[in-house]
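**Student:** The opening position of the sequence shown corresponds to residue 7 in this note's numbering, with each subsequent residue numbered one higher.
From the three backbone atoms N, C-alpha and C, an ideal C-beta is built for every residue, glycine too.
Predicted, not measured: the structure shown is a model, and the values here were computed from it.
Quick one: the structure is below, questions incoming.
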Amino acid sequence: MKFIIFFLGISTFCFSQKFSFIYETKCKLNLEKQDDANSDHMILDLKNNISIFRDSLDKKNDSIKLNNGNGRFKMGVENQFYVKKNLNQKRIEKVITYLGTDYLLPIEEILNWKITSEQKIIGKYKSQKAETNYGGRNWIAWFTTELPFADGPYIFSGLPGLIVSIQDSNNNYSFNLIEVKKSGNIFDARTKTVKIDWKKYETLAKSHFNDPYDVNSKLLMGKTVTFTDPKGNIMDISIKNKEMQNNILQENNPIELNHKINY
């Protein structure tokens, strides 16, 4: 009985604290280049069962925005990993930022975890294996009860401990915990959002594909759009658009494979 009370005391203390979990994230967006994976550090900020997962640039831009500045945001809508979770309410939402607007995309796909008996040490944590399906991919995760948080990177959550490592069966995407910071800094700069669904998401993505540099709206506002190469030569806008469209087509391996867009 004393042990149970002691454990509950530790759990209550842990959940009342702020933590930042840093994950090394790798993704293969271009399947023709199997050895070429994008790598980034992404951060899971957690307090009182509320969490935000975002890459380091997004967190920096959020901080700038809260201080009345203007951060730099990615172009397009695909390959954004900004996720908010309310673990108590089991609510998971992606935030897609496009042309200055924050769109809220609820994740309604349910994670049905299969916990196995297999265990191993990852870093300094005793971890246990679990499997699930999400986004048209099979995922293998390792979680640890030594970090008593039912959360993890991106949309992944719901296990009896923090996910320290997860990757899909084709090794196109992986998230691996590399650092834990107590008293991490959690803040939300994207509270004014427009709710969308996957169909609207596809509409936004195709809009970006058809006009990657948002030239049409700039022209309507009377702004002159020019591009120059490293030597200072002015380039035809159609060439730049075609270049960007080719990049989008080549990197069309989204984490939600069941929502892959056919451009």
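Per DSSP, Asp108 is paired with what?
**Tutor:** Answer is Thr103, Thr199.
**Student:** Shortest alpha-carbon distance to Ile184 belongs to which of Ile267, Ala195, Glu114, Ile169?
**Tutor:** With distances taken between Cα atoms, Ile184 lies closest to Ile169.
**Student:** Leaving aside the five residues before and after Lys266 along the sequence, list all residues of the same chain whose C-beta is less than 6 Å from its C-beta, in chain order.
**Tutor:** Same-chain partners within the cutoff: Pro260.
**Student:** Assuming the contact rule is C-beta atoms closer than 8 Å, Ala136 and Lys126 should be a hit. Round their C-beta distance to whole Å, please.
**Tutor:** With 8 Å as the limit, Ala136 and Lys126 do not qualify as a contact, their Cβ atoms being about 13 Å apart.
**Student:** In whole angstroms, give me the CA-to-CA distance for Lys96 and Phe162.
**Tutor:** Between Lys96 and Phe162, the C-alpha separation is close to 11 Å.
**Student:** Grouping DSSP H, G and I as helix and E and B as strand, with all else coil, what is Met81?
**Tutor:** Correct three-state label for Met81: coil.
**Student:** Exposed or buried, what is Met48 when buried is set at 16 or more other beta-carbons lying within 10 Å of its beta-carbon?
**Tutor:** It counts as buried.
**Student:** Considering only the alpha carbon of each residue, which of Tyr109, Lys53, Phe59, Phe193 lies closest to Leu72?
**Tutor:** Comparing Cα-Cα distances from Leu72 to each of Tyr109, Lys53, Phe59, Phe193, the minimum goes to Phe193.
**Student:** Using only alpha-carbon positions, find the residue among Gln40, Asp46, Lys39 that is nearest to Ile28.
**Tutor:** Among Gln40, Asp46, Lys39, the Cα nearest to that of Ile28 is on Asp46.
**Student:** Suppose you measure from the CA of Gly228 to the CA of Gly167; what does that come to, to the nearest Å?
**Tutor:** Note that Gly228 has pLDDT 46, beneath the 50 cutoff, so the model's placement of it is unreliable and no number is given.
**Student:** What's the C-alpha gap between Ile102 and Phe59?
**Tutor:** Near 13 Å, if we compare the C-alpha coordinates of Phe59 and Ile102.
**Student:** Quick check on Met227: does DSSP put it in helix, strand or coil?
**Tutor:** The predicted model places Met227 with a pLDDT of 44, which falls under 50 and marks its position as unreliable, so this point remains unresolved.
**Student:** Check for me: the alpha helix (DSSP H) holding Tyr207 runs from which residue to which?
**Tutor:** Tyr207 -> alpha helix (DSSP H) spans 204-216.
**Student:** Do you know offhand how far Ser26's Cα is from Asn85's?
**Tutor:** Cα to Cα, Ser26 sits roughly 22 Å from Asn85.
**Student:** Identify the continuous beta strand (DSSP E) that holds Lys120 and give its terminal residues.
**Tutor:** Element bounds for Lys120: 120-128.
**Student:** Less than 9 Å separating the beta-carbons of Ala43 and Lys34?
**Tutor:** Contact flag set, yes.
**Student:** For Ile146 and Asp61, what's the separation of their Cα atoms in angstroms?
**Tutor:** Cα to Cα, Ile146 sits roughly 22 Å from Asp61.
**Student:** Quick check on the burial criterion: 16 or more other C-beta atoms within 10 angstroms. Buried or exposed for Lys100?
**Tutor:** By the neighbour-count rule (16 or more Cβ atoms within 10 Å), Lys100 is buried.
**Student:** What's the C-alpha gap between Leu226 and Asp220?
**Tutor:** Only weak support exists for where Leu226 lies, its pLDDT of 44 falling under 50; the value from the coordinates is given anyway. Approximately 10 Å, taken between the alpha carbons.
**Student:** Between Glu208 and Asn74, what straight-line distance do the alpha-carbon atoms span, to the nearest angstrom?
**Tutor:** In a straight line, the C-alpha of Glu208 is about 31 Å away from that of Asn74.
**Student:** In whole angstroms, what separates the C-alpha of Lys130 from that of Ile202?
**Tutor:** In a straight line, the C-alpha of Lys130 is about 41 Å away from that of Ile202.
**Student:** Between which two residues does the beta strand (DSSP E) containing Ile146 stretch?
**Tutor:** Run containing Ile146: 143-150, per the beta strand (DSSP E) assignment.
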